[in-house]
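*Asks:* Residues in the sequence shown are numbered consecutively from 3, following our numbering.
Glycine is no exception: its CB is placed at the ideal position from the N, C-alpha and C atoms.
Model, not experiment: these values are computed from the prediction.
Have a look at the structure that comes next, please.
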Amino acid sequence: MKPSSVTDTLFNQLNFRGDRQKVISSNIANINTPGYKTKELVFESELKKASSPSLQMYKTNPMHLSSSDNISNPNQKHLVEVKGLEEQNDGNNVNLDAQMSEMSKNKVIFDALQTAIKKDSRLFRSVIESSAKN
């Protein structure tokens, strides 16, 4: 039993933020690696939003599959190379200031998610405790 309907979303976001922290740490660790390109972890749904306008698929027959049937998991994560960053002479494009800023932002969101999960759990626990008293 889960505390509320948003619990799964909170935990998915928490996992995403943990994985994103690993990617940012990897970028920072490879700051002196020649030819290394900055990586970023994004949700599949964010990739679809950012991509060029897609062609609309129309069902002309009820037996056709809809385009939403092809989506296995909209919350699936993908590791992508960040394009358009300034490169150093060795081909590396990691910017330490930008990565540290992203790491700080990610930590703030991670902490907020943890707090939301704790509050959600406390509320659920208080409902169970009060119903047990009756």
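Leaving out five residues before and five after Q23 in sequence, what residues of the same chain have Cβ atoms less than 6 Å from its Cβ?
*Replies:* Contacts found: N108.
*Asks:* Which of the three DSSP states is assigned to L16 in this structure?
*Replies:* Looking at L16 - three-state DSSP - the assignment turns out to be helix.
*Asks:* Tell me whether the beta-carbon of V25 lies closer than 8 Å to the beta-carbon of D122.
*Replies:* No. Outside cutoff.
*Asks:* At a cut of 8 Å, does the segment 31 to 41 reach the segment 104 to 119 through at least three beta carbon pairs?
*Replies:* No, they do not touch.
*Asks:* Can you list, in chain order, the residues of its chain with a C-beta nearer than 6 Å to that of A134? Leave out the 5 residues immediately preceding and following it.
*Replies:* Cβ neighbours of A134 beyond the five flanking positions: none.
*Asks:* Could you tell me the distance, in whole angstroms, from the CA atom of L1 to the CA atom of N97?
*Replies:* What is shown of the chain runs 3 to 136, which leaves residue 1 out entirely.
*Asks:* With DSSP collapsed to three states, give me the class of K41.
*Replies:* Looking at K41 - three-state DSSP - the assignment turns out to be strand.
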